[in-house]
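Participant: Structure provided below as structure tokens; questions to follow.
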Amino acid sequence: MAEDNTMMQFLTFKLDDEVFALHIEKIREVLEFTTVTKMPRTPEFMRGVINLRGSVVPVIDMKQKFGMSYTEKAVDTCVVIVEVGMEGEKVILGAMVDSVKEVMELEQSAIEPPPKIGTQLSNEYIEGMGKQDDEFVIILDIDKVFSTLDLTMVTEMKGQVPSEAELEKSVNHA
Numbered sequence: 007m008a009e010d011n012t013m014m015q016f017l018t019f020k021l022d023d024e025v026f027a028l029h030i031e032k033i034r035e036v037l038e039f040t041t042v043t044k045m046p047r048t049p050e051f052m053r054g055v056i057n058l059r060g061s062v063v064p065v066i067d068m069k070q071k072f073g074m075s076y077t078e079k080a081v082d083t084c085v086v087i088v089e090v091g092m093e094g095e096k097v098i099l100g101a102m103v104d105s106v107k108e109v110m111e112l113e114q115s116a117i118e119p120p121p122k123i124g125t126q127l128s129n130e131y132i133e134g135m136g137k138q139d140d141e142f143v144i145i146l147d148i149d150k151v152f153s154t155l156d157l158t159m160v161t162e163m164k165g166q167v168p169s170e171a172e173l174e175k176s177v178n179h180a
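Residue numbers for the sequence shown follow our numbering, so the first one is 7 and each next one is one higher.
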């Protein structure tokens, strides 16, 4: 376990009016929202897939995953490319968020345990609570946000995704 004065870095982002954070080590990159190719027979929180430099990356609507409203595409809408651990393997996913705020540093000692009640998220998803400019920040454990079932579905979905040429064709005709 890290010592209390260890500085930790997080990427902060907004879903509705709530501020969330992910460990910076889990972030690959942040993209502007782009065209997402919808996939059949997927849960509502699965927005579809994007082509990221030749790799198919599933995109998850984080608000829907957390039981909030559907994320509407806006100027600040982003896709945060994250690396999620699944049974010893790394899975790359796109997390669709309303907006990305900034990279925030917090001391380990400044992170408090999640509240027992009062949040619409399952406490198992929450690593802790931080504070920034008198605003609470919900620190997520991204590995726990996506269950093994979700990730298995994502990896199976990759087998039925259209080819790069088909993706290009659907983008050009959209």
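We treat Cβ as the ideally placed atom computed from N, Cα and C, and that holds for glycine.
On the DSSP bridge assignment, give the partners of residue 18 in chain order.
Facilitator: For residue 18, which the question treats as bridged, DSSP gives the partners 27.
Participant: For residue 104, does the count of other Cβ atoms within 10 angstroms reach 16, so buried, or fall short, so exposed?
Facilitator: buried
Participant: So, helix, strand or coil for residue 129, using DSSP?
Facilitator: helix
Participant: Counting only the same chain and skipping the five closest in sequence on each side, list residues whose C-beta sits under 7 Å from that of residue 50.
Facilitator: 70.
Participant: Residue 52 lies in the beta strand (DSSP E); which residues open and close that run?
Facilitator: 52-58
Participant: What residue range is occupied by the uninterrupted beta strand (DSSP E) comprising residue 66?
Facilitator: Counting along the chain, the beta strand (DSSP E) containing residue 66 begins and ends at 61-67.
Participant: Rounded to the nearest angstrom, how far is the Cβ of residue 27 from that of residue 16, given a contact under 8 Å?
Facilitator: 4 Å
Participant: How would you label residue 76, buried or exposed, when you count the other beta carbons within 10 angstroms and need 16 or more for buried?
Facilitator: exposed
Participant: For residue 22, which of 110, 83, 149, 30 has the nearest alpha-carbon?
Facilitator: Measuring from the Cα of residue 22, the nearest candidate turns out to be 83.
Participant: Rounded to a whole number of angstroms, what is the C-alpha to C-alpha distance between residue 19 and residue 86?
Facilitator: Their Cα atoms are separated by approximately 9 Å.
Participant: I need the DSSP call for residue 101, collapsed to helix, strand or coil.
Facilitator: strand
Participant: Beta carbon of residue 143, beta carbon of residue 25: below 8 Å?
Facilitator: yes
Participant: Please report the straight-line C-alpha distance between residue 58 and residue 43, rounded to a whole angstrom.
Facilitator: 12 Å
Participant: Which residue or residues does DSSP assign as beta-bridge partners of residue 144?
Facilitator: 26, 135
Participant: Answer with buried or exposed for residue 13, where buried requires no fewer than 16 other C-beta atoms within 10 angstroms of its C-beta.
Facilitator: exposed
Participant: Would DSSP call residue 107 helix, strand or coil?
Facilitator: strand
Participant: Nearest CA to the CA of residue 56: which residue from 32, 129, 149, 37?
Facilitator: 37
Participant: Are the Cβ atoms of residue 99 and residue 64 separated by less than 8 Å?
Facilitator: Yes, the Cβ-Cβ distance between residue 99 and residue 64 is below 8 Å.
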